[in-house]
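If you read the sequence shown in our numbering, its first letter stands for residue 106, the second for the next number, and so on.
Please read the structure below before turning to the comments.
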Amino acid sequence: MGVRVQRAIRDSVLLKGAALAVGLIAGIGLWLLPAPVSKAAGIPVAQALELRDPGFSHPTPAEAPTLEGSPSPTSSPLRIPLTGQEGTEVLVGNIPVFRLQTAEYPSDVRADNVRAIIERFLEEGQLPEPEVRVAQDANGQYVLRLGERGRFEATQRYLFTVTYADAAAERRVPLGQVSLNDVRLVANTWARRLEQAIAEYRQDRLDLQRAQDPRVLMLTILAGLATVAVGFFLWRLFDRSLVRLQSWLELKADPAWGSWIDIAGVLLRGLGAILIAGISLDRGISFIPALRPFQRAFYLGLGRVVATALGVLTQPLPNSSVSIASLLVFFVLAALVFTVAHYVSVGFKQRFLSRLGLDLGTQESTTAIFKYILTLFGILLVLPFSGLNLGSLAVIAGAVGLGIGFGLQNLSNNYISYIAILLERPIQVGDLVEVDNLLGIVERIGPRATVLRTLDRIFVIVPNSRFTESKVVNWSYRDPRCRIHIPVGVAYGSDTTLVTEALLSAAKENPRVLSSPAPQVWLKSFGPSSLNFELLVWINRPQDQFVLISELNFAIEAEFRRRGIRIPFPQQDIHIRSLEGFAPPSQNGGSRSLPDAASIQSALSEAAKSLEDQNGVS
């Protein structure tokens, strides 16, 4: 009984739906629930943000430390040399914010001094809310000061002075091109970055203090797990919805789109899995304070990798203004242009050309020319957007020309033949052509080759150059009407008028035969054993000629049998002039007796064999 109940619960759709709904509500609720207030190290969170140590006195600006790693106020920034060092990053909670350069003090000393000041600021005031301001001293230098928000004047402390070397390294320009305004801009930017970094570091430390409470720790872990569970349920819901959408599209769409639907489903499924898993893990980790520094370090490393990759991609190639990024953008936009041109030309054919009553070959040729015109204009429009110009493509054009000269002769020959076929139109889609003893219907004319479908439905790929270099028989060129010859032989003595009527009657009863021009009957020759006639009929579908010949042969045989007209077969007569030498002698030694039947049969057989050896006719 217990097994049945468990199986029923496991297979119940209603219970699964209810569990999914409860999980979603709980996960979303924990996701949106603000962080609870609890005590950390014996002090409530609200008090931790407000209480200050009464014995702690903040240094005044005059008492600010002088070991800041920048030149003293009496030194001029214009006389600060660049030492060639790459500088040292300022770390806030092991997260780099910006990079200081060597000036009067080494860059590592300046960075360590800034980090020590920030640590003392957060430790000596029970995690005060930071505020970083930029000020200009009496010497015109821009300095950064750190203080508590709301009590900045009483708590401010000196951090460092932004030097011309710092501004030059930050803006990546030579030192001689840096102005005082550039230093001011860099100082303001660094102040915003540093304030945000200190605020995040303060929040991490505050969360760590709160997480010391077991209840808060348990809630944060549950919130993270619930977020991951919500992501899992969302993935299952997304996957099932995608499967149903694919099934619906496969039923509604054309079967030719089946492979594209499968490919799109695989891509969407992979992209959805990456997005849902990434967002779920990100949100889940953000609930656990101990993991936030690793999370922030991961994003920082990822940002550096992306920035390095973008720098490599956007760097111009040697001896050229073209970069890898511009080429990638060009190829993506070019692929988009080709796709749009294809579908626009197909719509132009279906909505406009098909209504003009043009034949299929004319529609295909016009559509191809229209597509290539759209592609050409699209590429010319894409070039400025991708950062390329016609001058920058000269090297690529030269390389392509060199490739054509060395190894792409056949490809270029076929493509030029394709252009000639489109303009001259010796063959079109739907024509019955014969090239190199190959008879087939033109299915598609491509840039490299033309696809022929034989009467046995075998598809043959023929290079376009074969249609311009060799003799081609086009049964459908301009006027598809053609005349079919059907030879017929009748026995000597047959009534020629009756034979003509029988042939014309068989031709007129076939619906494939055109009434104009009318069928004709010719008496071609007098054969060894027959009168040789020929029936000539006209058709407007050359691809039906072999079926028509079979149908007319059946009809002619029936007409001849009904009218008593005999179709001869080859005959040969043997004339025996004399049987002398074949009669055996008489028993009494007198004159020869007449040959018997066996002797005559033997003589005829030997004569026939001798004649067969001489003429090869039995």
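The beta-carbon is built from N, C-alpha and C at its ideal position, and this holds for glycine as well.
Computed from a predicted model, the values in this text were never measured in an experiment.
Taking W627 as the centre and dropping the five residues before and after it, the same chain places the C-beta of E639 closer than 6 Å to its C-beta, in chain order.
Annotation for K576: no alpha helix (DSSP H) segment contains it, and DSSP assigns it neither H nor E.
Every alpha helix (DSSP H) stretch that sits fully inside the region 524 to 587 and reaches 4 residues is listed by chain position as 570 to 574. In this structure F572 is in contact with P531, their Cβ atoms being roughly 7 Å apart against a cut-off of 8 Å.
A distance below 8 Å between beta-carbons, with the five flanking residues on each side excluded, links E656 to the following residues of its chain, in chain order: N615, R617.
With respect to F399, R298 sits apart: the two C-beta atoms are not nearer than 8 Å. Nearest neighbour of R586 by Cα position, chosen from P622, F564, V567, T601, turns out to be P622.
Between G329 and I390, the C-beta gap is smaller than 8 Å, which places the two residues in contact. In the structure shown, the three-state DSSP call for N637 is strand. With a cut-off of 8 Å on Cβ pairs, the region 582 to 599 is in contact with the region 631 to 646, counting three or more such pairs.
The region 201 to 217 makes no contact with the region 235 to 242: fewer than 3 CB pairs, one atom from each, lie closer than 8 Å.
Its chain contains P201, R204 as the residues whose beta carbon lies nearer than 6 Å to that of E194, once the 5 sequence neighbours on both sides are disregarded; these appear in chain order. Judged by pairs of C-beta atoms under 8 Å, the region 533 to 540 touches the region 562 to 580, as three or more such pairs exist.
Distance from the CA of L543 to the CA of F631, rounded to the nearest whole angstrom, comes to 34 Å. No Cβ-Cβ contact shorter than 8 Å links L603 with I661.
Secondary structure of F453 (DSSP, three-state): helix.
Taking a C-beta distance under 8 Å as the contact criterion, W295 and L251 do not qualify as a contact pair. Within its own chain, the residues whose Cβ lies closer than 7 Å to the Cβ of I526, once the five positions on either side in sequence are excluded, are I532, I550, N569, F572, listed in chain order. The C-alpha of Q261 lies about 17 Å from the C-alpha of V267. Bridge partners of G252 according to DSSP: E236. Collapsing the DSSP output to three states places E194 in a strand. By the Cβ-count criterion, L422 is exposed, with fewer than 16 other Cβ atoms from all chains shown falling within 10 Å of its own Cβ. A Cβ-Cβ separation of about 5 Å places R558 in contact with G545 under the 8 Å criterion. Per DSSP, the continuous beta strand (DSSP E) segment holding L264 begins and ends at 262 to 267. The alpha-carbon separation between E191 and A274 amounts to approximately 8 Å. F392 has its alpha-carbon roughly 16 Å from the corresponding atom of R307.
Contact check between the region 472 to 481 and the region 444 to 461: three or more CB pairs, one atom from each, fall below 8 Å, which counts as touching. The shortest CA-to-CA distance from I670 to any of S715, S704, D600 is the one to D600.
Partner residues in a beta bridge of P616, as assigned by DSSP, do not exist. Looking from the CA of F665, the closest CA among F651, S431, T605 belongs to T605. Taking every protein chain shown into account, the CB of D561 has fewer than 16 other CB atoms within 10 angstroms, so this residue is exposed. In the DSSP assignment, P592 is bridged to E639.
Taking 8 Å as the upper bound for CB-CB distance, A270 and L280 are in contact here, some 6 Å apart.
Collapsing the DSSP output to three states places R341 in a helix. Runs of beta strand (DSSP E) with 3 or more residues, each lying fully within the region 363 to 439, are absent.
Of the residues L285, A663, L227, T472, the one whose Cα lies closest to the Cα of E305 is L227.
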